[in-house]
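Protein chains in written order, with this note's numbering: chain X, 1 to 271; chain W, 1 to 154; chain E, 1 to 774. One structure below.
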Amino acid sequence: MSEQKWYYTNSLDEACELLRDHTVLPHGGGTQLNNIDLSHIHGLLCLKDLNLNYIKQTSQEVEIGSMTTYADIVQKSTKISTDNILISALKNAANTPLRNRITIGGSLGFIPQWSDLIGPLLALEAKILLIGKNAGEYSLSQFWRHRDLLKSSLITAVRFRDFPHHAYHYRDVKTNNDMPLFTVSTLFDMDGERIKKPHVIIAGTRDRVSEITELENYLAGKKISELQESEVIRRVKVTFVGKRVTDPDYLASKTKIETWRSIIKAAENRL
Amino acid sequence: MKAVLKINGTEVPVKFDFDEHLLQTLRNHGFTEVKNGCEEGECGACLVLLNGKPVNSCQVFTATAIGDEITTVKGIGTLHQPHIIQECFVEAGAVQCGFCTPGMVLATYALLQDNPDPSDDEIKRALSGNLCRCTGYVKIIDAVKRSARKMKIT
Amino acid sequence: MKNYTIVGKSEKKIDSLSLATGESKFVDDFELKNLLHCKIVYSPYAFAKILDIDDSEARAMTGVIDVLHFKNTKHILHTTAGQGFPEPSPYDTVMFDHIMRFAGDRAAMIVAESPVIAARAAKKIFVDYQVLQPLLDPEIAMEPDAPRLHDSNRYAAIPVKYEPERNLAAEVEIGFGDISQGESEADFMIDHTYHAHYGSHCAIEPHSVKTYFDEMGRLVIVTATQVPFHVRRIVSKVCQFPLSKIRVIKPRVGGGFGGKQEVFLEQLAATVTIKHKQPCRIVLTRPEVFQSSRTRHPVRTRLRMGVKNTGEITFLEMDSLLNSGAYGTHALTVLSNCGAKVLPLFNKIKNLHFLGRSVYTNLPVGGAYRGYGATQGYLAVNQHIDIICRRLHLDLPQFIKDNHIKVGETSEVFKALGEGTEGVTQYIHSCGLDECIDYCLHEIDWYNKRDKKIRKGDRVRGVGLSVAMQGSGIPMIDMASASMKMNEDGSFNLDMGATDIGTGSDTILAQIAAEELSTNLDKMIVCSSDTDRTPFDVGAYASSTTYITGRAVKKCAAKIKEQIIQVAREILSSSANELIVQNSAVIDEKQNKSVTFSEICTYAIYTRNQFQIAASASEFVEESPPPFFASTAEVEIDTKTGDIKVLKYVSAVDCGQAINPQLAEGQIEGAVANGIAYALTEQYIFSDKGNLINKNFKTYKIPVAADMPEMKTKVIESHEKTGPFGAKSVGEIGINGPTPAIANAIYDAIGVRIFDAPFTSDKIYRALKSALKL
Ligand SMILES: Cc1cc2nc3c(=O)[nH]c(=O)nc-3n(C[C@H](O)[C@H](O)[C@H](O)COP(=O)(O)OP(=O)(O)OC[C@H]3O[C@@H](n4cnc5c(N)ncnc54)[C@H](O)[C@@H]3O)c2cc1C
Ligand code: FES
Ligand code: FES
């Protein structure tokens, strides 16, 4: 094998050029790349100098550069509403020093089962911006199902509408320095007293991420007072794989309870 | 690979492998105050400041730290000129085996730079990446509070 | 309470500033040139026979120096347990074997010029395994058709029961009175089985060792150990290398908790250095620590008690089955302590029977772990008495106060059961347990919370209590020593074999010496745990250092003091009785004259009748006075999900005179934190084939600061007349409290008892669910 190499560039074009080689991987925060076997790749592309660490606000949208870390998002939150689900989610993700490294680009490049990012971004109907082979803007729900979009491409940013919303992000952890076994991200708007455009996303499931559409349909147009716990619980049908540290059946029943609670908490959490 | 790293204000020429992490490079070049407790980003023994922010040096490729300011615990105070935080850890009885202490001290330093008057909750959150098996954290939290008080006075 | 000037003061730990500034050196911080690095190749199978090993590809790699395995190393039976000689643990281990007895047993070791090469070469070792049916259930280990782990050439070095042909690693049985008598007197019987699970010490510094030859051709072993002298002895034996040519140095150690009372890497590194005449380094990775170092022995305890309606216990029968894992390290002594450190606490019981058996299984190896069997025993007993009191509507704290051992009393168990063999009769000279209990009740607001099931939405709260005692060293076995000399500025070198692994023993032993000599702590220059420089000490285990080494240090300092007085008398021309030692000086009150320590030593060295003021002393103890401990926990349980949170944890300890109250508190706080996590989140999870699944901090969850409940800790001082300045021990006892206190609190909250620790949310959830079905 030829010698493995690091590539540094401050030009996005050059970055795209380099990524045409499939065995050159972009390096975000390195918190996944540091823990996997790299013997099969030829190079790593350092994204540090590409000026992708930013949070921008346009009229209705927020754009976050892919090299922005979890900590930056939480700390630079003047650009994002403080109660935005993304902030409450990332505030507690991983641990303090890791939050200074984990980037949103890397997290979307990897999407681990324990991601605290994917749920909130899906709930926010975020879009993802790619350059390179598959350059373009994709809805995140489309993107995460088609991971081959990443081939020879670079995530440069995510965009979402930062509208006032009711939201709650639940993370199921055993200690305060833990990756969640699952997360429940609940977000909706209110049309008067009625729930509008609800999103309920459970990450960490057998399918990695599950949007609970059946439940969303039930919630849409209802008043909070009309909601019935049993009806909500009935509609949360997710399964977990058995290899994890906790019993999958237990997790499945726990998601039901925590989803119901999340909806109630989201209703109380008004931005 | 070869590069010059900025460590504790000094330029240090280093040699390292393609996929070597900063923890290893620092230790290989004599910065053994940076400890290895897990190499998986969980324990915080390897914590250093990168441009003032706490990171786990075992999760940072050395190749990405070129040009950054790296601070180890010796960069904020030494045996002969200890930092207030280091003194407060001693006074509070927060140092048992001391293996976690360099990381704890740096995490405290970073916290107090941002937030000179942290609440208990903020302290606990700031230390959420640092494991200590000896103290049960009671005296460590006390040490952070002492440090905050003393640093405000001076 | 006595009036001391240095003892009883929270002096700063003498090494703490050096540690806080990153100056102190741990094993892996020592720089050595031409260092060889090792990587151990582990068995992926719980039980297998190695038919052959092909190391040719690995050997052919550039930078690979050697590959060690059963075909090219000596097969000397030994135990890796770092205990006194002859060790009470069976000799059932060789450095490299051809039988793999657990997934994590070592098959081979690569020796290479760099860690990267070693790791790469480890993948090029081809082992031909014949996979065998593993024994994963301790309950069936002794059955006739169970797989056999060890050949009958394994043996015990002391006359104890050891039957490898039945997978029996150890057995102890004691009893007195008459159980059937007790049964007939009882109004009812309470019979339950409790499970204590595997746990990992999780010292943040992993096991590390470095070896090299010094300029005189002596083998130096720098190692993260709790037992430097046992390391020297065991390495000498296993490597067949003269003891006189071995020097063991313990630098700063990043926590031990029992995990480093095990000699299992030093002999490997020594073998490499002896063979290749080059320095060698072995540092385990975190997964290796979890899988292949030592653990807390899981114990299944069946407890049967007969009770009268008045609350009188008519008999107690305890049956402990200890899962020793693949090897018998500490299998006998931990087992003994399940009874020996637990049963004497309730010394009013007239009819008692204890049967303990340790069995081999193809699972990770048990070892010493803070609490050492007492933790497992108290887990059962504290729950059992809670059950009895609930059944009889008795006040649990009062029941304990009525039944526990008191000053002046003894227990037949002390004599009947020691650590492995017969014990030693002893009487209690100090006991502050009642004050400990009262403090804990008050701080948790017991009587306003117990049985109140305070509810907030889906969450309900409960409180629980537990008590414990431990020992202070192993009587008639442990020995410790110290030597001192005086310098002309009035400072003293204090050399001890005692092993400070973060516990602060260097500091408190210096405090003891300074107190005895009426001088300041900064006059003590401490050197510890260097087998060339310091006298013998068994090491840091069995809660022995403060009590036994403390006595040796005090005795040694007293000898120094005599010499100081003798010189002072010569200088001051005083008669014998008039001299007092105070503030680093000797004063003749009658003549109103005084002479400083510095003047005294200068005189002794340079002026007349020159000699070195120096002494050494050792201590061997006949008793092991127990410290006492009480703790209360308040928990909150989510009745829908089973999530549990400890809201508050209150502890109080009677450790005699605390030499350094801040350090004593720190020992309790650390032990309690470990205990709470052991009760809630820490566990070993195995695959069906016996492979450990969660061997890292990502999946074996130990707490961070934000997980800690509100903690209250009090040191309640008593005076132990046999202890140095009244001290007993404090290092281990705190860990015995949390698991049963939390179990009792869970019951108080939800009326369901979980007999299998740990109390994870899924277990609580299932327990709640099945209770509702009933
Ligand atoms: C101990 C630990 C605990 C953790 N806990 C949590 C947690 O609780 N919650 C949570 O959300 N996460 C957590 N994580 C983080 C998560 O597991 C991933 O490590 C992280 O999301 C990766 O981000 P990164 O920026 O470090 O990516 P990197 O490691 O740099 O990259 C990850 C992948 O994405 C690719 N990539 C990187 N940047 C880009 C880009 N701009 N465009 C295209 N591809 C890219 C890389 O090539 C690589 O394949 C934890 C990680 C660790 C080590
Ligand atoms: S060694 Fe880096 S976090 Fe543990
Ligand atoms: S003091 Fe030992 S790990 Fe913190």
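Just so it is clear, CB atoms sit at the ideal spot from N, CA and C, and this is done for glycine as well.
Taking CB atoms only, W/Y137 has a neighbour in chain E less than 8 angstroms away. Think of a sphere of 8 angstroms around the beta carbon of E/Y684: no beta carbon from chain X falls inside it, the nearest being about 11 angstroms out. The Cβ atoms of E/E669 and W/G136 sit closer than 8 angstroms to each other. The three-state secondary structure of E/N382, taken from DSSP, is helix. Here E/H197 carries a coil assignment [DSSP, helix/strand/coil]. Between the segment 184-199 of chain E and the segment 382-389 of chain E, the count of Cβ pairs shorter than 8 angstroms is three or higher; the stretches touch.
Closest in C-alpha terms to E/S729, from the list E/V653, E/K698, E/I512, comes E/V653. Looking from the CA of E/F536, the closest CA among E/S528, E/F399, E/T410 belongs to E/S528. Residues of the segment 108-136 of chain W with a Cβ closer than 9 angstroms to any Cβ of chain E, in chain order: D121, I123, K124, R125, A126, L127, S128, G129, N130, L131, C132, R133, C134, T135, G136. Taken through DSSP and simplified to helix, strand or coil, E/A540 comes out as coil. Look at the segment 659-679 of chain E: the residues with a C-beta under 9 angstroms from a C-beta of chain W are N660, Q662, L663, E665, G666, Q667, I668, E669, G670, A671, V672, A673, N674, I676. Around X/G136, the same chain offers L130 as residues with beta carbons nearer than 7 angstroms, after the five sequence neighbours per side are excluded. Pairwise C-beta distances place the segment 44-59 of chain X out of contact with the segment 143-152 of chain X, as fewer than three of them are shorter than 8 angstroms.
Interface annotation for the segment 145-176 of chain X against chain E: K174, T175, N176, criterion Cβ-Cβ distance under 8 angstroms. X/K256: not part of any beta strand (DSSP E); member of the alpha helix (DSSP H) spanning 248-268, first to last residue. The DSSP assignment places no complete run of the beta strand (DSSP E) inside the segment 669-695 of chain E (cut-off: 3 residues).
At a cut-off of 8 angstroms between beta-carbon atoms, E/R391 makes no contact with chain W.
Between W/T108 and E/A374, the alpha-carbon positions lie close to 37 angstroms from each other. Separation of the CB atoms of E/I405 and E/N347 is rounded to 4 angstroms, and the pair is thereby assigned contact status at 8 angstroms. Identification of residues in the segment 41-59 of chain W having a C-beta nearer than 8 angstroms to some C-beta of chain X yields G41, E42, G44, L47, L50, K53, P54, V55, N56, C58, Q59, given in sequence order.
Between W/A63 and chain X, the shortest Cβ-Cβ separation is below 8 angstroms.
Contact between E/F697 and W/C43 holds: CB atoms are separated by about 6 angstroms, below the 8 angstroms threshold. Annotation: X/L33 to X/H27 spans about 8 angstroms, alpha carbon to alpha carbon. Under the three-state reduction of DSSP output, E/Y4 falls in the coil class, being neither helix nor strand. About 18 angstroms separates the beta carbon of E/I702 from that of W/R125, a gap too long to meet the 8 angstroms contact definition.
Ligand 2 has no heavy atom closer than 7 angstroms to the beta-carbon of W/C97.
For a Cβ distance threshold of 8 angstroms, nothing in chain W lies close to E/T421: the least Cβ distance comes to about 32 angstroms. In this structure X/W144 is in contact with X/V209, their Cβ atoms being roughly 7 angstroms apart against a cut-off of 8 angstroms. Residues are counted here when their Cβ sits less than 8 angstroms from a Cβ of chain X; for the segment 94-120 of chain E the count is zero. X/T205 has X/R208 as its beta-bridge partners, per DSSP. With respect to chain W, the C-beta atom of E/D29 has a partner C-beta closer than 8 angstroms.
The DSSP assignment places 331-340 as complete runs of the alpha helix (DSSP H) inside the segment 312-369 of chain E, in order along the chain (cut-off: 4 residues).
Contact between E/R148 and E/E165 holds: CB atoms are separated by about 7 angstroms, below the 8 angstroms threshold. Short note on E/C239: C-beta not closer than 7 angstroms to any heavy atom of ligand 2. With a cut-off of 7 angstroms, the C-beta of E/G502 is classified as near ligand 3, since at least one heavy atom of the ligand falls inside that distance.
Under the three-pair Cβ rule at 8 angstroms, the segment 492-507 of chain E counts as touching the segment 7-24 of chain E.
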